[in-house]
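Trainee: Sharing a structure with you now.
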Amino acid sequence: MKARKYYLKTPIPFSGKFYGEVTVTNPNGSVTKPFFGPDHERCYIIRKVGEDKYEVIDRCDGYRVVDAMPIKEIYDQYGTKLQDAPVVNGKLDISQSGSSGDIRIIRVVVNGENVSKIVIKD
């Protein structure tokens, strides 16, 4: 089997965001698809900090870890709410929300802003 080739064109600025194209080539030919980067205007993001552990950070305030989240929820891949996300030692803990390999959606609300991240359980 022949190795696949992946090409990534340099991201180009686009209205405060960025985009680019990726080309995938295999023995059957090539396909080029566009991609769009994350919204850099959003302050809050969810990042992984350990096995099934996540934290919310504020990029607009020196990457400070956010403690006050009135809504912290875990959903399955179909959008069904499974539980409120427990906070253990300041981290959102999804370890009790299913089996390894399950797809989960973490949703939090910080200062009125909805923030979500799709993850695969460790």
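Going by the numbering used here, the sequence shown opens with residue 11, and the numbers climb by one from there. Cβ coordinates follow ideal geometry from the N, Cα and C atoms, glycine included.
1. Hey, would you say Y54 sits closer than 8 Å to V125, going by beta carbons?
2. Can you name, in chain order, every residue of its own chain whose Cβ lies under 8 Å from the Cβ of P80, other than the five neighbours on each side?
3. Go ahead and label V59 buried or exposed: buried means 16 or more other beta carbons lie within 10 angstroms of its beta carbon, across all protein chains shown.
4. Locate the beta strand (DSSP E) running through E83, then write down its first and last residues.
5. Leaving out five residues before and five after G100 in sequence, what residues of the same chain have Cβ atoms less than 8 Å from its Cβ?
6. With respect to the beta strand (DSSP E) encompassing I55, which residues constitute its N-terminal and C-terminal limits?
7. Roughly how many whole angstroms lie between the Cα atoms of D112 and K43?
8. What residue range does the beta strand (DSSP E) around Q93 cover?
9. What is the DSSP secondary structure of R117, reduced to helix, strand or coil?
10. Taking the beta strand (DSSP E) that I104 belongs to, which residues open and close that run?
Mentor: A quick look at the data gives this:
1. Position 44 of the sequence shown, counted from the start, is the residue given in the question as residue 54. Position 115 of the sequence shown, counted from the start, is the residue given in the question as residue 125. Here Y54 is near V125, since their CB atoms are less than 8 Å apart.
2. Start at 1 with the first residue of the sequence shown, and residue 80 comes out as number 70. Excluding sequence neighbours, P80 sits near V119.
3. Numbered from its first residue, the sequence shown carries residue 59 at position 49. Counting Cβ neighbours within 10 Å, V59 comes out exposed, since fewer than 16 surround it.
4. As a first step, residue 83 is located in the sequence shown; it is residue number 73 there, counting from the start. DSSP places E83 in the uninterrupted beta strand (DSSP E) bounded by I81 to D86.
5. By 1-based counting over the sequence shown, the position of residue 100 is 90. Cβ neighbours of G100 beyond the five flanking positions: E65, V75 and D77.
6. In the sequence shown, the residue the question calls residue 55 occupies position 45. It spans Y54 to G60 - the beta strand (DSSP E) in which I55 sits, taken as one unbroken run.
7. As a working note, residue 112 is residue 102 in the sequence shown. As a working note, residue 43 is residue 33 in the sequence shown. Straight-line Cα distance between these residues: approximately 27 Å.
8. Within the sequence shown, residue 93 is the residue found at index 83, counting from 1. K91 to D94 is the span of the beta strand (DSSP E), which, as asked, contains Q93.
9. For the purposes of this step, residue 117 is taken as the residue at position 107 of the sequence shown. In this structure, R117 counts as strand in the three-state DSSP scheme.
10. Your numbering for residue 104 matches position 94 in the sequence shown. Here I104 belongs to no beta strand (DSSP E), and DSSP marks it neither H nor E.
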